[in-house]
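To keep things clear, I will list the structure first and then write my remarks on it.
Residue numbers (my numbering): 601 to 890.
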C-alpha cells in the first residue's frame, strides 16, 4: 500500500479502440470530470494525443476503460512514466480493474475525494540476444514466455538463475512471470498464485517432457537467463503480444524492471483474494457465443 495524494488537475480517459460501448462511456466520464473542473483528454488509448501526453508528463491519472488486456497495455505505456492507472471493467473478467461499469459515478467521486491507495506492481525487463547482439528490450507486466513456435515439438531451455545453472527444461515452453502474471498464463499452466505486492519472479514450465516440471518462486532480485536449443524456430512472447522468433543458441535475459506500474485501488487491501475467488469460475460459466 502506498498512500500518496494525487493532484488531479488533468486526467486521461482511455478506451480499448475496438470497444464502441467503452468509447461512449468515456464521453460520459469526461463530461462528469469536467463538471468537477478537471481538465480531461479522452479517446482510444492508441490516440497520438494520449500517448504524447503520457510521454510528456501532462496527465495526473490514467483511467482505462476495457478489460485486462487494456490494463496490460496501459501498464506498458504508463509504467515507465510513473503515471497511476485506474481501470473500469468493460470486458469479461477485469481481474486487474478496480471499478465495474455501473459503479464509476460513485467510485470516481470517492477517488476525487481522496479515498484511494496506490498499489505498486513490478514489471519484468526481457532482452533476447543472438550472440552478442541484443534484439531489443521490453518491459512486461505479466510474463515473458519462451517456447516452441509454429511446430508442435518441444524445445530445450537451458536455464540459469543469477549465473548458476538451474536445469534444462524439455517442454513446450517456460513462463517467467511477475506476481501479477501469476494469475494469468502461469496460473493456467499450474503455477501458484502470488500476492501482487511481492517482487519475486515465478518460473513455470509448460508441458515439460521427462524433465523438471514444478514451478519455482525465485528470490527477489534474481536474474534469469534462458538459452534456446532447438532444430526448429522457437518464439518469445511478451504479455501475449506478437511473438519474436528465436533460433538455436539464442538467449533471453529476464530480470526485474526498473519501472513499476501503480494501480489506483478503491477497495480495502483484502480485495485481491475476494476477486480471485469470485473470478476463478467465470470462464466455465461464460456463454461461448457471447
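Virtual Cβ for every residue (Gly too), placed ideally from N, Cα, C.
- Message: Starting from residue 668, trace the alpha helix (DSSP H) in both directions and tell me its first and last residue.
- Response: 668-678
- Item | Cβ neighbour criterion (16 or more within 10 Å) applied to residue 779 | buried
- Taking only the alpha-carbon atoms, compute the straight-line gap between residue 743 and residue 719 and give it to the nearest angstrom. Cα to Cα, residue 743 sits roughly 19 Å from residue 719.
- Item | Identity of the residues DSSP links to residue 725 by a beta bridge | 739 and 855.
- Message: Taking 6 Å as the limit between beta carbons, can you name the residues of its chain near residue 804, skipping five residues before and five after?
- Response: Taking C-beta separations shorter than 6 Å and ignoring five residues to either side along the sequence, the partners of residue 804 in its chain run 775, 786, 789, 791 and 815, following chain order.
- Task: Pick helix, strand or coil for residue 622, following the three-state DSSP scheme.
- Result: Here residue 622 sits in helix by DSSP.
- For residue 861: DSSP bridge partner residues: 721
- Message: According to DSSP, simplified to helix, strand and coil, what is residue 830?
- Response: coil
- Which same chain residues, not among the five before or five after residue 634, have their C-beta less than 8 Å away from its C-beta? 640
- Take the Cβ of residue 728 as the centre, count every other Cβ of all protein chains shown within 10 Å, and call the residue buried at 16 or more, exposed below. With 16 or more Cβ atoms within 10 Å of its Cβ, residue 728 is classed as buried.
- N-terminal and C-terminal residue of the beta strand (DSSP E) that residue 639 is part of: 639-644
- Query: Taking just the CA atoms, how far does residue 831 sit from residue 685?
  - Reply: 43 Å
- Message: I'd like the span of the beta strand (DSSP E) that includes residue 776, first residue to last.
- Response: 773-777
- Query: Relative to the C-alpha of residue 846, which residue among 752, 748 and 839 is closest?
  - Reply: 748
- Task: Along the alpha helix (DSSP H) that carries residue 707, what are the first and last residues, could you check?
- Result: 704-712
- Query: residue 755 bridges to which residues according to DSSP?
  - Reply: 771
- Item | Three-state secondary structure (DSSP) of residue 805 | Strand, per DSSP.
- Message: Going by beta-carbon coordinates alone, are residue 723 and residue 741 separated by less than 9 Å?
- Response: yes
- Task: Helix, strand or coil for residue 615, going by three-state DSSP, please let me know.
- Result: strand
- Message: So, with DSSP's three-state summary, where would you put residue 651?
- Response: If DSSP states are grouped into helix, strand and coil, residue 651 belongs with the helices.
- Item | Reference residue 823; option with closest CA among 759, 848 and 809 | 759
- residue 878 (DSSP reduced to helix, strand or coil): helix
- Buried or exposed: residue 869, going by 16 or more other Cβ atoms within 10 Å of its Cβ? Of the other Cβ atoms in all chains shown, fewer than 16 fall within 10 Å of the Cβ of residue 869; this residue is therefore exposed.
- Quick one: what's got a C-beta closer than 7 Å to residue 872's C-beta in the same chain, skipping five residues either side? 795 and 796
- So what does DSSP say about residue 629, is it helix, strand or coil? helix
- Task: Mind checking which residues open and close the alpha helix (DSSP H) that includes residue 787?
- Result: 785-788
- Item | Neighbourhood of residue 772 by C-beta distance below 7 Å, restricted to the same chain and skipping five residues each side | 747, 748, 754, 806 and 807
- Task: Return helix, strand or coil for residue 690, following the three-state DSSP convention.
- Result: coil
- DSSP state of residue 748 mapped onto helix, strand, coil: strand
- Query: In whole angstroms, what separates the C-alpha of residue 610 from that of residue 862?
  - Reply: For residue 610 and residue 862, the distance between alpha carbons rounds to 17 Å.
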